[in-house]
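Respectively, the protein sequence lines represent chains G and D. One point on numbering: in my numbering, the residue at position 124 of the first sequence is 127, and numbering is uninterrupted. One point on numbering: in my numbering, the residue at position 78 of the second sequence is 81, and numbering is uninterrupted. Data block below; observations after.
2 protein chains.
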Amino acid sequence: MDLKNYLKDREEIVNKALDSLLPGEDEFPQRLHKAMRYSVFAGGKRIRPILAVASAEVFGKTAEDVINIACAIELIHTYSLIHDDLPAIDNDDLRRGMPTNHKVFGEAIALLAGDALLTMAFQIMSRQVGRAVPANYRWAEPTLQVIQEIASAAGSIGMVGGQVVDIESEGKEVAFPVLEYIHIHKTGELILASCRAGAIMANAGDKGLEAITKYGEAIGLAFQIADDILDVEGNKEEAGKNIGGDAKKGKATYPSVLGVDESRKRAKELVDIAIASLKGFDEKAEPLRAIARYIVERRK
Amino acid sequence: MDLKNYLKDREEIVNKALDSLLPGEDEFPQRLHKAMRYSVFAGGKRIRPILAVASAEVFGKTAEDVINIACAIELIHTYSLIHDDLPAIDNDDLRRGMPTNHKVFGEAIALLAGDALLTMAFQIMSRQVGRAVPANYRWAEPTLQVIQEIASAAGSIGMVGGQVVDIESEGKEVAFPVLEYIHIHKTGELILASCRAGAIMANAGDKGLEAITKYGEAIGLAFQIADDILDVEGNKEEAGKNIGGDAKKGKATYPSVLGVDESRKRAKELVDIAIASLKGFDEKAEPLRAIARYIVERRK
Numbered sequence: 004m005d006l007k008n009y010l011k012d013r014e015e016i017v018n019k020a021l022d023s024l025l026p027g028e029d030e031f032p033q034r035l036h037k038a039m040r041y042s043v044f045a046g047g048k049r050i051r052p053i054l055a056v057a058s059a060e061v062f063g064k065t066a067e068d069v070i071n072i073a074c075a076i077e078l079i080h081t082y083s084l085i086h087d088d089l090p091a092i093d094n095d096d097l098r099r100g101m102p103t104n105h106k107v108f109g110e111a112i113a114l115l116a117g118d119a120l121l122t123m124a125f126q127i128m129s130r131q132v133g134r135a136v137p138a139n140y141r142w143a144e145p146t147l148q149v150i151q152e153i154a155s156a157a158g159s160i161g162m163v164g165g166q167v168v169d170i171e172s173e174g175k176e177v178a179f180p181v182l183e184y185i186h187i188h189k190t191g192e193l194i195l196a197s198c199r200a201g202a203i204m205a206n207a208g209d210k211g212l213e214a215i216t217k218y219g220e221a222i223g224l225a226f227q228i229a230d231d232i233l234d235v236e237g238n239k240e241e242a243g244k245n246i247g248g249d250a251k252k253g254k255a256t257y258p259s260v261l262g263v264d265e266s267r268k269r270a271k272e273l274v275d276i277a278i279a280s281l282k283g284f285d286e287k288a289e290p291l292r293a294i295a296r297y298i299v300e301r302r303k
Numbered sequence: 004m005d006l007k008n009y010l011k012d013r014e015e016i017v018n019k020a021l022d023s024l025l026p027g028e029d030e031f032p033q034r035l036h037k038a039m040r041y042s043v044f045a046g047g048k049r050i051r052p053i054l055a056v057a058s059a060e061v062f063g064k065t066a067e068d069v070i071n072i073a074c075a076i077e078l079i080h081t082y083s084l085i086h087d088d089l090p091a092i093d094n095d096d097l098r099r100g101m102p103t104n105h106k107v108f109g110e111a112i113a114l115l116a117g118d119a120l121l122t123m124a125f126q127i128m129s130r131q132v133g134r135a136v137p138a139n140y141r142w143a144e145p146t147l148q149v150i151q152e153i154a155s156a157a158g159s160i161g162m163v164g165g166q167v168v169d170i171e172s173e174g175k176e177v178a179f180p181v182l183e184y185i186h187i188h189k190t191g192e193l194i195l196a197s198c199r200a201g202a203i204m205a206n207a208g209d210k211g212l213e214a215i216t217k218y219g220e221a222i223g224l225a226f227q228i229a230d231d232i233l234d235v236e237g238n239k240e241e242a243g244k245n246i247g248g249d250a251k252k253g254k255a256t257y258p259s260v261l262g263v264d265e266s267r268k269r270a271k272e273l274v275d276i277a278i279a280s281l282k283g284f285d286e287k288a289e290p291l292r293a294i295a296r297y298i299v300e301r302r303k
């Protein structure tokens, strides 16, 4: 399969849906809606929503069937970046090659735009109905399960928890289990939840969901390790952000604890595990396999 | 009826449920969970969850039947206070007679504790199941409707939108429609959503829901007008916060635009409207009637 075309196509579907779901820049209060749109359309790769879509496709559903949930996950990811960039946390000026939200709109609006995006994610998910839900399909229960899992993955024992431990570990010697906790919680959980959300909405069944769960766990961690390596070895133009920022902030990363070579080896092992977990599936799982490889090979 | 006893009893039910729903202070990451609990248990009156409970009771349900949603609304209210108090927004040191969250835990943790509380609200709501849901009761659809309404009331065209307009209006001459927009959105919408949530979960039916909606709209606005008046006329000990803060910040308030007497008159009119909207209901609506009166008579 042609991954590049696949990613481009699904990214367009996600972008179009995000555009129609988000309030317009002319809707009151305009400055808030401008700030929300600024960060949502700041050039994200849409990895999480595409994973939700690709996971649903394994079980015969389409992007349209899970589009609200896919978009909601991207909104949660975006809100977390806006808040992380704030002076109170990472104090970053640059994100994906553009000034961060608070640099453009000020701290108050950036904070509130993040709050509004997080809130809107749950609003969108709760009206998750594919265009063509069969009358006998009880979509409400799986939707509630997905809301619960995504909220858990994003909350105090998920993404926010990982962020707290990350902050508390800055400038400290960090043991490997703490580093792994940060990575799994700060990044891995939401990626796992994205994969599971697609599978749950597509009625994957126990065995299918188990396979997708193994896949999601492996690539969730692999993704963050690859990010750490890019922060050491990438270049500013390709990555769209200042390189070496982790080291400057004294952040715990895989390369800083295990070295670059060992980190790369671990990421590749995780990709192998992810692909192996899909071995029972047919060619409809090809996008998931290709995304797993891409995650450690990407340059940004 | 004895409102004082009623409020005390329902407050205890809500507090007990919040305590069992929130992660313990000893759960990792402890500092985050301490910060979340600090603000949730900082002496809130629990007006919103009690309104959800009282609205459900009108239609024969009990507090236990809607307790998750009631608690979720209180978490959303709490997160909004933590974020509003941050230096980037109101920069308040004192809330309900105690140091604000960021004064105790620092800005980063306060910001993230707010994020986690908002996220947790939706996690709790999505597993809203009364202890004794009949097998044939399709609770999932009304739960999704409630999630959607609460998210809408809390989001960019609800509470967060009201907060943005409030910030943008600071120090400016504000026209009455703008003031009303701020009050309805910043406070009114979530109070209305609380009432509607209780009624929806209790299967109120169209006519019942219409009455509760009129009630919720009226007391939502009355509540904020009463708050404005308290900020002018209250005393620090009773209110648990610095008095006159609105005027100092150049905030638009009802007393500053209409004067205290006219503001009090409006609040009382709204209470009359709220009580009139319940005229078809029996004594099970007595708590809602009493709460409406209490809202403008309270001293904090």
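Just so it is clear, CB atoms sit at the ideal spot from N, CA and C, and this is done for glycine as well. As the structure is a prediction and not an experimental result, all values here were calculated from the model.
- Counting only the Cα atoms, LYS189(D) lies some 12 Å from VAL181(D).
- According to the DSSP assignment, THR146(G) belongs to the alpha helix (DSSP H) that extends over 143-157.
- The beta-carbon of TYR41(D) is placed no less than 9 Å from the nearest beta-carbon of chain G.
- For the set TRP142(D), LYS254(D), VAL235(D), TYR82(D), the Cα lying nearest the Cα of ASP169(D) is the one of LYS254(D).
- When C-beta distances to chain G are compared with 9 Å, the residues of the segment 111-129 of chain D below that value are ALA111, ILE112, ALA113, LEU114, LEU115, ALA116, GLY117, ASP118, ALA119, LEU120, LEU121, THR122, MET123, ALA124, PHE125, GLN126, ILE127, MET128, SER129, in chain order.
- Cα atoms of SER129(G) and GLN151(D): separation of roughly 6 Å, rounded to the nearest angstrom.
- The segment 217-228 of chain D and the segment 188-207 of chain D touch, with three or more beta-carbon pairs separated by less than 8 Å.
- DSSP lists ARG98(D) as the bridge partner or partners of MET101(D).
- Within the segment 21-46 of chain D, the residues whose Cβ lies closer than 8 Å to any Cβ of chain G are, in chain order, PRO26, GLU30, PHE31, PRO32, ARG34, LEU35, HIS36, MET39.
- If you ignore the 5 residues before and after LEU10(D), its C-beta comes within less than 7 Å of the C-beta of ILE53, all in its own chain and listed in chain order.
- It is roughly 29 Å from the alpha-carbon of ILE298(G) to the alpha-carbon of PRO32(D).
- At least one beta carbon of chain D lies nearer than 9 Å to the beta carbon of SER159(G).
- In this structure ALA113(G) does not touch LEU147(G) by the C-beta definition: roughly 31 Å separates them, more than the 8 Å allowed.
- Chain-order list of chain G residues neighbouring GLN151(D): GLN126, SER129, ARG130, by C-beta distance under 7 Å.
- Between the alpha carbons of ASN104(D) and ALA156(D) lies a gap of roughly 24 Å.
- Residues of chain D whose Cβ lies closer than 7 Å to the Cβ of LEU147(G) are, in chain order, SER129, ALA143, THR146, LEU147.
- Of all C-beta pairs linking the segment 63-75 of chain G to the segment 40-54 of chain D, fewer than three are shorter than 8 Å, placing the two stretches out of contact.
- Close CB contacts of ASP96(D) within its chain, under the 7 Å cut and outside five residues either way in sequence, are with PRO102, THR103, LYS106 (chain order).
- For LEU89(G), a Cβ of chain D is located within less than 9 Å of the residue's own Cβ.
- A residue is called buried when at least 16 other Cβ atoms come within 10 angstroms of its Cβ; ASP209(D) does not meet this threshold and is exposed.
- Annotation note: the segment 148-230 of chain G contains the following uninterrupted alpha helix (DSSP H) runs of length 4 or greater, listed N- to C-terminal: 162-172, 179-186, 192-204.
- Taking the Cα positions, LEU6(D) is about 56 Å away from GLY63(G).
- Per the C-alpha coordinates, the member of GLU183(D), ASP118(D), ALA205(D), HIS186(D) positioned closest to GLU144(D) is ALA205(D).
- In the structure shown, the three-state DSSP call for ALA45(D) is coil.
- Ranked by Cα distance from HIS86(D), the first of SER58(D), GLU67(D), LEU115(D) is LEU115(D).
- The Cβ atoms of ASP231(G) and SER259(G) sit closer than 9 Å to each other.
- Comparing C-alpha distances from ARG49(G) to each of ILE76(G), ARG40(G), HIS36(G) shows the shortest one belongs to ILE76(G).
- Of the other Cβ atoms in all chains shown, fewer than 16 fall within 10 Å of the Cβ of MET4(G); this residue is therefore exposed.
- The C-beta of SER197(D) comes no closer than 9 Å to any C-beta of chain G.
- At a cut-off of 9 Å between beta-carbon atoms, GLN166(G) makes contact with chain D.
- Within 9 Å of the CB of ILE92(G), the CB atoms of chain D belong to GLU110, ALA111, LEU114, LEU115, in sequence order along the chain.
- Cβ neighbours of LEU25(G) within its own chain (closer than 7 Å, five residues either side excluded): MET39, ARG40, VAL43.
- Between ALA66(D) and ARG13(D), the C-beta spacing is below 9 Å.
- Under the three-state reduction of DSSP, SER259(G) is assigned to helix.
- In this structure, the alpha-carbon of VAL149(G) lies about 11 Å from that of PHE125(D).
- For THR65(D), there is no enclosing alpha helix (DSSP H), since its DSSP letter is neither H nor E.
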